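Residue numbers (UniProt numbering): 1 to 194.
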């Protein structure tokens, strides 16, 4: 049996409230006890309220598509801020913002792009949103962890009884294993989308 189904066809236990515009989405029905509201489109943002089966608290989810049009940037953030559930409620915002957080994300950044970079970070800060670092720059972290582990192992070959190096290598092995696991999770997520 396929784990996902269209939002309109979620199992009978899922309750859906009528919204101005229902939007199809994929839901893992084994993990969702009740869908408290279906998608509501507001410009380039779709909002959902989901009750997970393993949590007593609802999760607010916003899916974003970032247009390249400047006037639509402000509309998108207005829609996000209007849905902001406050600091005591879990809120996941995901999607394609078509924005950069850091100037290092693109080569040859122009001054106008830097202005939007600062605005984008200010919007994130105003909404109290933070990157989930676990899924950010996975390949880079994996390469860094692999290089660090390799240099520790080379150092251990030269000084195999050094207790400090042994402990550090053990910690780095755990970190590298976690990075491998994270990469696997990201690949699994990407495979579900295809």
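A virtual CB, placed ideally from N, CA and C, is assigned to each residue, including glycine.
Here the structure is a predicted model, which means the values were calculated and not measured.
- CA-to-CA, the gap between residue 56 and residue 67 works out to about 35 Å.
- For residue 76, the uninterrupted alpha helix (DSSP H) run begins and ends at 70-83, by DSSP.
- As the crow flies, the alpha-carbon of residue 174 is around 14 Å from that of residue 153.
- For residue 66, the three-state secondary structure derived from DSSP is coil.
- Leaving aside the five residues that flank residue 161 on each side, none in its chain has a CB nearer than 7 Å to its CB.
- Scanning 164, 90, 97 and 59 for the CA closest to the CA of residue 77 turns up 97.
- Each residue's CA atom was taken as its position, placing residue 166 and residue 131 some 33 Å apart.
- Burial check for residue 79: the Cβ neighbour count within 10 Å reaches 16 or more, so the residue is buried.
- Around the beta carbon of residue 47, a 10 Å sphere encloses 16 or more other beta carbons of the protein chains shown; the residue is thus reported as buried.
- A straight line joining the alpha-carbon of residue 51 with that of residue 45 spans about 20 Å.
- It is roughly 31 Å from the alpha-carbon of residue 179 to the alpha-carbon of residue 119.
- Close CB contacts of residue 129 within its chain, under the 7 Å cut and outside five residues either way in sequence, are with 93 (chain order).
- Counting only residues of its own chain and dropping the five nearest sequence neighbours on each side, residue 65 has a CB closer than 7 Å to the CB of 44, 95 and 96.
- Residue 159 carries a coil assignment under DSSP once its states are collapsed to helix, strand and coil.
- Judged by their CB atoms, residue 169 and residue 156 are nearer to each other than the 9 Å cut-off.
- Distance from the CA atom of residue 151 to the CA atom of residue 163, rounded to whole angstroms, is 16 Å.
- As the crow flies, the alpha-carbon of residue 141 is around 13 Å from that of residue 186.
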